[in-house]
Structure formats: structure tokens, C-alpha cells
Amino acid sequence: MSTPPADTAAPAPLPAAPALEVSDLSVRFAVPGAKRWLQAVDGVSFSVARGETLGVVGESGSGKSTIARALLRLVSATAGAARFRGADLLALEGPSLRAMREHLQIIFQDPLASLDPRMSVAEIIEEPLREFRPALDRAARRGQVLAMLDRVGLLPAHLNRFPHEFSGGQAQRIGIARALMLQPELLVCDEPISALDVSIKSQIANLLKDLQLAFGLSMLFIAHDLAAVRFSCDRILVLYLGRVMEIASRTALFETPRHPYTQALLQSVPVADPVLARARRAAPLGGEIPSPLAPPSGCVFRTRCPFAGPLCAEEVPRLRPVGASLVACHRAEEFAGLPRNGG
Amino acid sequence: MNAAILPRPARAAGQWRQSWERLCRHRPALVALALLGFVVLLALLVPLVSPYDYATPDWDELYQPPGGGHLLGTDGLGRDLLVRVMWGCRISLLVGIAASLVSVLIGVLWGATAGYAGGTTDSLMMRIVDILYTVPFIPLVIVLTVLFGRSFLLVFVAIGAVSWLDIARIVRGQTLSLKNREFIEAARALGLSNTTMIVRHVVPNLLGVVIIYATLTVPTVILFEAFLSFLGLGVHAPLASLGTLISDGANHMKSHPYLLTIPAVFLTLIVCSFSYLGDGLRDALDPREQR
Amino acid sequence: MSAALLAIRDLRVTYRTEAGGLHAVDGVNVDLAPGEFLGVVGESGSGKTQLLLAMLGLNAPGARIEGSIRYRGQELVGAGERVLGCLRGARIAMIFQDPMTALNPYLTIGTQLTEGMRHHQGASRAAARRRALELLDAVHIPEPERRFAQHPHELSGGMRQRIVIAMALICEPDILLADEPTTALDVTVQAQILALLRELRARTRAAIVLVTHDLGVIAEVADRVLVMYAGRVVEQAGVQRLFEHASHPYTEGLRRSIVPLAGPLPARLPSIGGNPPNPAELPPGCPFAPRCAYAFDRCGAAPPPLAPVAPGHLRACYYDGPLGRIR
Chain A
-13 MSTPPADTAA
-3 PAPLPAAPAL
7 EVSDLSVRFA
17 VPGAKRWLQA
27 VDGVSFSVAR
37 GETLGVVGES
47 GSGKSTIARA
57 LLRLVSATAG
67 AARFRGADLL
77 ALEGPSLRAM
87 REHLQIIFQD
97 PLASLDPRMS
107 VAEIIEEPLR
117 EFRPALDRAA
127 RRGQVLAMLD
137 RVGLLPAHLN
147 RFPHEFSGGQ
157 AQRIGIARAL
167 MLQPELLVCD
177 EPISALDVSI
187 KSQIANLLKD
197 LQLAFGLSML
207 FIAHDLAAVR
217 FSCDRILVLY
227 LGRVMEIASR
237 TALFETPRHP
247 YTQALLQSVP
257 VADPVLARAR
267 RAAPLGGEIP
277 SPLAPPSGCV
287 FRTRCPFAGP
297 LCAEEVPRLR
307 PVGASLVACH
317 RAEEFAGLPR
327 NGG
Chain B
92 MNAAILPRPA
102 RAAGQWRQSW
112 ERLCRHRPAL
122 VALALLGFVV
132 LLALLVPLVS
142 PYDYATPDWD
152 ELYQPPGGGH
162 LLGTDGLGRD
172 LLVRVMWGCR
182 ISLLVGIAAS
192 LVSVLIGVLW
202 GATAGYAGGT
212 TDSLMMRIVD
222 ILYTVPFIPL
232 VIVLTVLFGR
242 SFLLVFVAIG
252 AVSWLDIARI
262 VRGQTLSLKN
272 REFIEAARAL
282 GLSNTTMIVR
292 HVVPNLLGVV
302 IIYATLTVPT
312 VILFEAFLSF
322 LGLGVHAPLA
332 SLGTLISDGA
342 NHMKSHPYLL
352 TIPAVFLTLI
362 VCSFSYLGDG
372 LRDALDPREQ
382 R
Chain C
9 MSAALLAIRD
19 LRVTYRTEAG
29 GLHAVDGVNV
39 DLAPGEFLGV
49 VGESGSGKTQ
59 LLLAMLGLNA
69 PGARIEGSIR
79 YRGQELVGAG
89 ERVLGCLRGA
99 RIAMIFQDPM
109 TALNPYLTIG
119 TQLTEGMRHH
129 QGASRAAARR
139 RALELLDAVH
149 IPEPERRFAQ
159 HPHELSGGMR
169 QRIVIAMALI
179 CEPDILLADE
189 PTTALDVTVQ
199 AQILALLREL
209 RARTRAAIVL
219 VTHDLGVIAE
229 VADRVLVMYA
239 GRVVEQAGVQ
249 RLFEHASHPY
259 TEGLRRSIVP
269 LAGPLPARLP
279 SIGGNPPNPA
289 ELPPGCPFAP
299 RCAYAFDRCG
309 AAPPPLAPVA
319 PGHLRACYYD
329 GPLGRIR
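Protein chains in written order, with our numbering: chain A, -13 to 329; chain B, 92 to 382; chain C, 9 to 335.
Written as C-alpha cells, this is what we have:
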């Protein structure tokens, strides 16, 4: 079991344009009954390099699933842009939107719910071909489906079965097969392994890694499970209440987390070592996630942050470089022992 | 995580196949199906093989009780009751099934469109349904009869025009809950057009519910028609539906009870059979049973 | 040595299905000492929830329960509703996975909190209220008096779970059963609740049985661990022993598929192949054999019995060579 080459402290310059570049994405929902908006996502910017997996991590109310749905245009974004294949995803309509879908696909959290219970596995996996490759005849389609089945670890015998006959892990493989039939450029994974049994999670995580290499995919990996994210992602974005707290490479995030929330998250994850777990640490992060209907002023994390100061209530911290990471915190340099830059 | 616990059948079985198997295990439904089949067979064959027809009076054989040449007796004009009852069954079944089909068709299209479209379209379409609900049915039919005269078609149209409302509501509710299921989201992520979505994904998942309600609509419609005919608003004499037969029979309840009981028994048989069949289908197709 | 608080012998929970018998729990033996924190870890089909429910006779109707569960010597299997009703909430309490649905949305928090005490101990309103406030304090709910008049939907998930814990503890039970109490919560809230459970155990000396699928949670809080697979206990040991010397291939596989948050990262995660077992279609022999990297012919004949490998460490496996073959 080899370890990948260690990340260097400074990020290498991107050799080519990123696969996806999101700027200032905001999504808000009208809440029936309340006169306020629910700001699910607020000014989120990030990019995904070609062949890279960007993890999006957050707890409930962080907006991570909303970002996925906004990019797939399942939900309307209120503001912002998402450059993908030379166009703004969020501004496309009609035939150009439809054409773009061939290159951007999604797999869902609940594998069984994302498959039409009345369609056979063959029909489910074939559907993208029927929509986007009308020139293919039945035999050709069947051939491609069989090839994909093999790649995701299913058997030809499964073709005529129905979703309810499969376990969660197998159903997720079907979902992955469907998503990859058109060989998309970008695959959005919305908590792809959260709903799976522990012994299956690693199978699917391995599968996704293999497929990413084989297909040259860029991936957006949304999860709440930091351990899964550490294995599957190259870079990670930490969200809290719809805002970006930190963006860092895997090494940087896990070895030197800069944002107090990231630190709290890492400390909260149960450690699978009884000695370490009990010897450990400070009290867990107190308080609760504030309601997205009434987010705190300034830095949204300040109500639970052990280091909150007066500035934190007044000014929203901007995302800026601290060390090798991008951090949205007024006091990040103090914790890192670094001199404060211009800004 | 819960799916792993569920038994996986050895051979591939579609949901429809499994539902059929479940239906076959539901005794009352099977009996009902057999009974209905029997009645349909009788209704089709008896008038063809019988020497009597439903209209010709026979002045020598008035009010004959069951037995002898006339298996179920004759009525006040000497017409064979068996044939008339079979004709009555034909009409009741025809109106029942046909009117139900029409109302199901209208109801499904209306409800699915309203549910899928959502927003103002949905509100508008359902408000129309609400308004139509308030229209009093019998006075409406009376008015229509006055305007257009008594006719078979009128009954058909009147019934069909009212029974689609329930189905529309049910289908709309189902469509609304389907809309939020992840596989619909997945289909949208594939860029399917709205029509394809509805035809390929929404309707097949609605069919279970629709079949159940269609089967339960049939007895309602049959009873409606019987009621209208009983009131004298239905089919023309000498053609008889079970409703008119019961109406006539009621007039002779004391003197010739068989004129009432026989058509009533058949009507009950048909209506109950459809109800039990609907019950069986509901159990067989219940989405909660579908894993 | 104190007598076991709860002694379970050869417990079987069976459901009848069209396909035959479904053995949700298949011969479990375990003792629970007073004040002990027992962790039960397993995946779908392991029977861990059914085991917990059996302790209170809460399995679905249609479940056939055989074997023995003795609470302080009193037999619970086959005991009528009256006996079980006296125990539930009073001596043995349970908290469930989803705090959203465990509370009645129509009743106020105050009513739900005091319900147990008023029913079991005939306490007056005032006395029950006082005690409830004490408990709200013990579970660190801010502004406890205000919460009394609130309804569940006005509280967050973490707070609701605290309330559920408070409800469970109000009659000072000997045993607290917890079915995945933190699975539905955010990770930061989960850490709070686990810390709370540890604290409460120290204060009340209640024994806690915690069911989870997360080995990390087990490492954080449990004293002793039962690893379940397909309705059977496959390994049983003290928590430290389990993590350092896991000797059942399944436990090994679970442990090694956990991604560490620090230290070297494998390019490929070691994983257990195959799918979780279907309790209605178990193979003869060891239920884990189809997925086991060490299976040999003996494994297919009959399920291995639970046997000691070291004091306090039991496992059910025929293979006794070194582990480490998991790719």
C-alpha cells in the first residue's frame, strides 16, 4: 500500500483551465410563512481542476447539497456564476442547457431512492444513451451497458432485475454506471457513501477512485464524513451555514487546519482508538448551528467560536490566503503564528 | 442501509409480476374476479342463445314466477326476466367500465398535469375541481335531461363528467409526492423533457394507484347509473339497465318479489365483486409493499 | 464479583416470512454488569437493534422470542405486559435513533418529561417538575424553564436528543439502552452527546448498552464491545483489547477500512468484499464465510461457536492463523 506523493507547502500552478469555476454562488429560498429568506448558500467561490476531486464538507444547514443541486440546475441559483466548458452553467437555458448535461452528472445519497422502481437496471443505465446518443441501435446500446456494468462490478445477470432487489451498495453501483454512461467531464457526488453500510463504504470509495482515473473525471465530492473526504479528495472546502470557512489541500487541512471550525470538526470526529480517544482533549464544540433564517452578523461561526472577538460580529471575514490554505477568519494568522498579510 | 435485510427473489421478477402473485394470494379478490368473469360470460352469451329477447311482450305469460320455460320468470309485459336482467348487466357493466375509463383518463391527465406543473397552474386546475365538486349532481342531470331528452349517452356523459374529480385529486397528490422523489431529480439531471419525464417516469409509478381507484370507481358508477335509472332519468324503455329493472321491480315488491330481488342480487354481486377486487388490488399494488 | 444486572442466554428472535424463518437474533449470550458501558457494533442485518428491543419486549408483533433474559434474576422473556410495563422507563429505559420522531409533536416538553415519573412513581406535578428541571440541567439544556412549555419542533436535533436522554433518566433506571443515538446528528453535536453520555454514566452509575455501526463511537465510550454479524455475536472483548488484538476477520476488516484522520493514507482502502448478509437467506455454516478472506471448508459446515481466545475475549471463528490478509 503506497502513499501518494506528499503535497508541497505551496500549491503548484494549475497547468490548464479548471474544469469548473464557481464565483459568488448564492442560493436562497422563500420560506412560506416567514417573511425572511433562507439563505442556503452565500457567496461561495471555488474551482475544481481537471482530474481533481474537490471535497465539500459541512454539517446540516451548511448548504453543501444545495450547491450540488444549483450546479445541476435542479434548484435555481439567486446569484453567481459557474464556468464550465466555456459557458456559465447557471445562465444556460433550453437546448444549450440540455446539451451541457451530457458532460455534468450526479450521483445521489440514497442509492435506492434515486432509481426508478418501475424500471429494470438495463433501462435505467440505458436511459442516458437513449437521450443523448439516438444514433445507437439496441445492440450497440446493450453493448455499452454491459461494458459499464463490468466496470462498476455488477454482473450481466443483474440487467433484468429491479432496484428493490439490490442492496444499498449495489444500487449505488447502478447509479454510478448511469452517471458515467455519457463519460461526463465533471461528476458531482452528493454524499455517495453516507447511506451505505460500513463494510461497503470502502468498496464504493475505491470504485470511485478507480473510475476517476479510468475516465479522467473531475469530481465534486460532497460529504459530512471527514474520514471519507480524506481518502477521496485532493482538496477540501469547508462550509458552515452556507459560507466558505476554509479551502485547503488535503495535507494542509488535516495537518494544519487554520479555521477554528475546521479544527472543531476534526476534533469532533470519533477516533477509532480507545486510548487516544480517552486521552484526548478539550471539551467538544458547544452550542448549536444557528438557524439559517437568522444567521449571525459578521462571521457566522462566531456564536460558537472559542476565539470570537469584537471584529467578528461586525465584519464578514473574506477568504484569504493563510499559509497554504484559504481561510475566512479575522484571526487566522494569530493561531498560525504567521504575520498578517495585506489582505 | 435497510435494503440489505429484504429478501431477494431467486429469479428476476418485475414489480408487476410480483403484484400479480400477491393478488392471486388474496382469496376474496380471486373469488370476486371469478364471479365477475362468470357474470360477464352470462351477460354476453345468454341473450345470444336465448329464444327470448328483451323487448317483445308475450301476453300469455304475464307475471310468470321463475321456473318452467322462463328460468327467472317474466315481467308485467310477459318479457323474459333472465334476458332482461342479462341485458341489464350488459348495460351496467358497459356504463360502469366505459364511464370509469373515461373518467380515469380525464382524471389522470388533469391531476398529473396539475401536480407536475405546480404553482399557479396547479392552483387554478384544482380550484376548478373544487368548484365542480360543489355542483349538485342530480339536479344537473335533470336539467340536462330536460334540455337534451333521455338518452343513454347523456347518462354516460353525466356520470363521466363527475367521477373524474376524485381521481384527479388522488393523482395530483401522488404526482406531488413523486415529484420530490430522488429518481425524478435524477431524471431531471439527465435533461429529460417534461413530456418524457411524465410518460416514462411519473405515469408508470402512478399506475398502481390509478388501477386501484379505477377498480373502485366502477361500482360507484354502476350504482350512480342504477340510481339515475331508478329515478327515471336513465335508459329508455324497453331497454333496461339493472336500475330500471329494480325500479320496476320495486313497484311489484309485494305481489311479485322476484321482479325486484333478482336484478338486485345481480347488481349487488357486480358491485361487491368490483369492491373486493379493488381491495385485492390495493393490497397487491400498495407502494409500501413495494420495496 | 457482583451478579450480572442483565443476563442473556441463548437469545433468539425469529420472524416468520413467506421464505421461511428469519433469524434476526440467533443465539446471543451476554452479561451486563452494573455501571458497565457495553457497545454493540454491527451493520444492516446484524440483529443489533432487535437484540436491544428484545430486552424490553418491544419487538414487532410476529416476532418469536426464545431463550432467557434475566434482569436482576427476573425472567423477561415471556413475561407479560404488566411486568414489562413496570420495567420500561422505570428500571430499563431506551433512547432511539431519531430524536425528531421519538418525541410527540403535540405535547409540550414538560408533559413528556414528567410523564414517566408520574406514571411509574405516582409523583405529584410539582415533584415531577422539579426533578425534570434537575435533569434538563444535567443534560445541559440552557434555559430549562422556558423549554418546559415548548414543543419539540421548536428545538434543534441536538437539544431534542438531550431531552430524550433526560426523559430516559428521569426515573433513575439501572440500564439505559441506546439505539444509534447519535447517527442522525451532526458530528459536532454527536461529540457533545457522547461526552454527555460519558458524564451521565459517571454520575448515575447506570449501565449503558449502546448500539452503533460506528467503531469510532465505540472507541470513544464503550468499556466492552460485542461485534454482531447476521444475528450472532462474532467477537466480544474489552474495548482496548478489541482494537489492539481483534481476532475475528470481520472485526479486522471493519477496523482496517476506517480511514485515519492523521498519518499515512493508503492508495486503496482495505475493504471487505461482498454484501451485508440477508438474514432470510443465510448460508449454512459461518454467515461471514462468503465474504471472508480466510474461509476454508470447515467454515461452510456449521457456524463456529463463540470460544475464548484470552480472558474476557471471545470470538466465533475456526481460523486461528494471523490476520492481515485483507487487501
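Glycine included, every Cβ here is placed at the ideal spot set by N, Cα and C.
C-beta contact flag for residue i and residue j at 7 Å
i, j, result
"residue 243 of chain B", "residue 190 of chain B", "no"
"residue 163 of chain A", "residue 184 of chain A", "no"
"residue 176 of chain B", "residue 354 of chain B", "yes"
"residue 351 of chain B", "residue 334 of chain B", "no"
"residue 114 of chain A", "residue 167 of chain A", "yes"
"residue 125 of chain B", "residue 368 of chain B", "no"
"residue 208 of chain A", "residue 42 of chain A", "yes"
"residue 39 of chain A", "residue 311 of chain A", "no"
"residue 172 of chain C", "residue 103 of chain C", "yes"
"residue 97 of chain C", "residue 124 of chain C", "yes"
"residue 148 of chain C", "residue 116 of chain C", "no"
"residue 33 of chain C", "residue 13 of chain C", "no"
is_contact[residue i, chain A] using C-beta, thresh 7 Å
i, result
"residue 296 of chain B", "yes"
"residue 228 of chain C", "yes"
"residue 112 of chain B", "no"
"residue 76 of chain C", "no"
"residue 285 of chain C", "no"
Nonlocal neighbours in the same chain, by C-beta distance under 7 Å from residue i, ignoring five residues either side
i, result
"residue 44 of chain C", "215, 231, 232"
"residue 24 of chain A", "14, 15, 17, 278, 279"
"residue 105 of chain C", "187, 188, 189, 191, 192"
"residue 276 of chain C", "none"
"residue 211 of chain A", "180"
"residue 92 of chain A", "54, 58, 165, 174, 176"
Test: residue i CB closer than 7 Å to a CB of chain B
i, result
"residue 94 of chain A", "yes"
"residue 22 of chain A", "no"
"residue 236 of chain A", "no"
"residue 159 of chain A", "no"
CB contact below 7 Å: residue i versus chain C
i, result
"residue 256 of chain A", "yes"
"residue 191 of chain A", "yes"
"residue 329 of chain A", "Confidence in residue 329 of chain A is poor, its pLDDT being 37 and thus under 50, which makes the residue's placement too unreliable to answer from."
"residue 274 of chain A", "yes"
Contacts that residue i makes with chain C (C-beta to C-beta distance below 8 Å)
i, result
"residue 144 of chain A", "Near residue 144 of chain A there are no residues of chain C at all, since even the closest Cβ is about 12 Å away, more than 8 Å."
Proximal chain A residues relative to residue i, where beta-carbon distance stays under 7 Å
i, result
"residue 280 of chain C", "185"
"residue 277 of chain B", "94, 100"
"residue 272 of chain B", "99"
Close-in-space but distant-in-sequence residues of the same chain around residue i (CB under 6 Å, 5 per side omitted)
i, result
"residue 212 of chain B", "none"
"residue 247 of chain A", "226, 231, 287"
"residue 47 of chain C", "218, 226, 230, 233"
9 Å Cβ cut-off: residues of chain B touching residue i
i, result
"residue 91 of chain A", "280, 281"
"residue 113 of chain A", "278, 281, 283, 291"
Amino acids of chain A, ordered along the chain, whose beta-carbon sits closer than 9 Å to that of residue i
i, result
"residue 222 of chain C", "184, 256, 258"
"residue 218 of chain B", "Under the 9 Å cutoff, chain A gives no residues; its nearest Cβ is about 19 Å from residue 218 of chain B."
Own chain partners of residue i with C-beta closer than 8 Å, once the 5 adjacent residues on each side are dropped
i, result
"residue -10 of chain A", "Since pLDDT at residue -10 of chain A reaches only 48, below the 50 mark, its modelled position is unreliable, and the value read off the structure follows with that caveat. Contacts found: none."
"residue 127 of chain A", "112, 115, 116, 119"
Contacts that residue i makes with chain B (C-beta to C-beta distance below 8 Å)
i, result
"residue 60 of chain A", "276, 279, 280"
"residue 124 of chain A", "Under the 8 Å cutoff, chain B gives no residues; its nearest Cβ is about 17 Å from residue 124 of chain A."
"residue 87 of chain A", "280, 281, 282"
Closer than 6 Å: residue i CB and nearest the ligand ADP heavy atom
i, result
"residue 246 of chain B", "This structure simply doesn't include the ligand ADP, nor any ligand for that matter."
Proximal residues of chain B, C-beta to C-beta of residue i below 7 Å
i, result
"residue 18 of chain A", "In chain order: nothing, as chain B lies at least about 13 Å away."
Taking any Cβ of chain A, which residues in the stretch 190 to 214 of chain C have a Cβ under 8 Å from it, in chain order? 194, 195, 196, 197, 198, 199, 200, 202, 203
Short-range partners of chain A found in the stretch 294 to 308 of chain C, where Cβ spacing is below 9 Å: 299
Residues of the stretch 164 to 181 of chain C whose Cβ lies closer than 8 Å to any Cβ of chain F, in chain order: The structure shown has no chain F; the protein chains it does contain are A, B and C.
Using a Cβ-Cβ cut-off of less than 7 Å, list which residues of the stretch 238 to 256 of chain A approach chain C; keep chain order. 240, 250, 251, 252, 254, 255, 256
Residues in the stretch 146 to 176 of chain A having any Cβ partner in chain C nearer than 7 Å: 153, 155, 156
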